[in-house]
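To start, the structure under review is shown below, and the notes come after it.
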Amino acid sequence: MFRKGTSRKELKTLSFFDEDLTWDKEIKYLGLILDNKLTFRSHLKYNTEKFWAKVHLLIPLIGRRFPLALENKLLLFKQVLRPILTYAAQI
Numbered sequence: 245m246f247r248k249g250t251s252r253k254e255l256k257t258l259s260f261f262d263e264d265l266t267w268d269k270e271i272k273y274l275g276l277i278l279d280n281k282l283t284f285r286s287h288l289k290y291n292t293e294k295f296w297a298k299v300h301l302l303i304p305l306i307g308r309r310f311p312l313a314l315e316n317k318l319l320l321f322k323q324v325l326r327p328i329l330t331y332a333a334q335i
């Protein structure tokens with residue numbers, strides 16, 4: 245359960261249709277990674293890794309030596325890279 249303060253050592257087992265559910269330290273819901281303390285560290289780490297992976301794929305297109313117009317490079321940034329950074333961010 246999500247709660248402030250110290251965590252419980254012993255969590256009650258929950259069952260759903262006579263099956264015991266396991267407790268996880270973090271869960272991904274709608275693309276947002278939530279952990280048991282409601283910090284966004286794992287979500288930020290996941291998104292920065294995803295962002296840099298996309299940057300390395302796009303470097304041949306958005307690099308200085310590629311003859312793509314600046315407007316098109318900006319369009320690639322706005323359509324591919326910026327949504328990764330701003331997803332689930334309060335604006």
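Going by our numbering, the first residue of the sequence shown is number 245, and it counts up by one from there. The beta carbon of each residue, even a glycine, is placed where N, CA and C say it ideally should be. Predicted model only: the values in this text are computed from it and were never measured.
Alpha-carbon spacing of residue i relative to residue j, whole angstroms
i	j	result
Lys294	Asp262	38 Å
Gly275	Leu288	11 Å
Pro327	Asp279	22 Å
Phe310	Leu301	14 Å
CB contact flag (residue i, residue j, <8 Å)
i	j	result
Lys298	Leu325	yes
Thr257	Asp268	no
Leu312	Leu318	no
Residue i, enclosing beta strand (DSSP E) - first and last residue
i	result
Tyr273	270 to 273
Phe260	258 to 260
Start-to-end residues for the alpha helix (DSSP H) that takes in residue i
i	result
Leu312	It is not in any alpha helix (DSSP H) - Leu312 carries neither H nor E in the DSSP assignment.
Beta bridge counterpart(s) of residue i as assigned by DSSP
i	result
Glu263	Phe260
Own chain, CB closer than 7 Å to residue i, minus 5 neighbours either side, in chain order
i	result
Leu255	Trp267
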